[in-house]
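Colleague: Please read through the structure below; I'll follow up with questions.
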Amino acid sequence: MKKCIFLDRDGTINKYKELLHNKYDLELEEGVSEAIKQINESDYLCIVVTNQPIVARNLCTYEEALEINDYLEKLLFDANGSYLDAVYMCPHHPDRGYIEENKKFKIECECRKPKIGMVVEAQKEFNIDLNKSYLIGDTSIDIMTGKNAGLKTILLNTGLKGKDNNYDIEPDGYAENLCDAVELILKR
Ligand SMILES: [Zn+2]
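Residues 1341 to 1528 in this note's numbering are what the sequence shown lists, from first letter to last.
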């Protein structure tokens, strides 16, 4: 079985911008390409799990949301050859009733964090030992997802810095940014 470091996307890899839906607004956080390179050179997989309700809100199409992920991968690769082993994205949102919404994606799904659908899908596809794996993110939703999935969790001081006020939950560890979090894991 493989070990994995699951990463949140917005606020963890790229700078947090509310409802980012244009790939050219993507900007990497400091040092993330180096951090991801470190993961690539370790025995951990590097897999992104991201909620992107921008599709359900009709700010862009599903295909355009995929393009944003592709562009993120390009930015990482162009920086230093670092790469993501996979990206799992939830395009859904449960709250219906907005004029501009895309109803097809306005559903109560099993993938939207803090549900663990994306982690379970990755676990099956890559044969991951969740007990030896981590989730790094910038919100209490990420920490709750990790806890729900049996992962160890690290909360970052980037992006929303855990101040999203969704869940009152303690992570297993804290780190200043992705670089420090990866160092914390790989030093063990
Ligand atoms: Zn979903």
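The beta carbon of each residue, even a glycine, is placed where N, CA and C say it ideally should be. Because the structure is a prediction, the values reported are computed rather than measured.
Report the three-state DSSP secondary structure of Ile1481 (helix, strand or coil).
Modeller: DSSP places Ile1481 in helix when its eight states are reduced to three.
Colleague: How about Leu1416 and Ile1376: do their beta carbons lie closer than 7 Å?
Modeller: Closer than 7 Å, so yes.
Colleague: Closer than 6 Å: is that where the CB of His1433 sits relative to any heavy atom of ligand 1?
Modeller: Answer for His1433: no, Cβ out of range of ligand 1.
Colleague: Verify the CB distance criterion: does Glu1516 have a CB-CB separation below 7 Å to chain C?
Modeller: Considering every chain present, this structure includes no chain C. It has just one protein chain.
Colleague: Going by DSSP in three states, Leu1524 sits in which element: helix, strand or coil?
Modeller: Residue state, collapsed to three classes: helix.
Colleague: Secondary structure at Ala1419, three-state DSSP: helix, strand or coil?
Modeller: It is helical.
Colleague: For Gln1378, which residues of its own chain have a beta-carbon under 7 Å away from its beta-carbon, when the five flanking residues on both sides are left out?
Modeller: Closer than 7 Å at Cβ, skipping near neighbours: Val1522 and Leu1526.
Colleague: Note the first and the last residue of the continuous alpha helix (DSSP H) segment covering Gly1457.
Modeller: Gly1457 -> alpha helix (DSSP H) spans Gly1457 to Phe1466.
Colleague: Helix, strand or coil for Gly1513? Go by DSSP, reduced to three states.
Modeller: In the structure shown, Gly1513 sits in a strand (DSSP, three-state: E or B).
Colleague: CA-CA distance, Tyr1384 and Cys1344?
Modeller: Roughly 5 Å between the two C-alpha positions.
Colleague: Count Cβ pairs between the stretch 1463-1475 and the stretch 1433-1443 that sit closer than 8 Å; are there 3 or more?
Modeller: Too few Cβ pairs lie closer than 8 Å, so no.
Colleague: Is the stretch 1350-1358 touching the stretch 1398-1407, taking contact as three or more C-beta pairs under 8 Å?
Modeller: The stretch 1350-1358, when compared against the stretch 1398-1407, does not touch it at the 8 Å Cβ threshold.
Colleague: Could you check how far apart the C-beta atoms of Ile1509 and Thr1485 are, in whole angstroms? I think they sit under 8 Å.
Modeller: The pair is not a contact, with the Cβ atoms about 10 Å apart (cut-off 8 Å).
Colleague: Is it right to say Met1458 is buried, meaning 16 or more other beta carbons lie within 10 angstroms of its own, or is it exposed?
Modeller: Classification for Met1458: buried.
Colleague: Between the Cα of Gly1421 and the Cα atoms of Glu1413, Asn1488 and Arg1349, which residue gives the shortest distance?
Modeller: When each option's Cα is compared against that of Gly1421, the closest is Glu1413.
Colleague: DSSP three-state label for Leu1475, please.
Modeller: In this structure, Leu1475 counts as strand in the three-state DSSP scheme.
Colleague: Quick one: does the C-beta of Cys1451 sit closer than 6 Å to a heavy atom of ligand 3?
Modeller: Of the ligands one can find in the structure shown, namely ligand 1, none is ligand 3.
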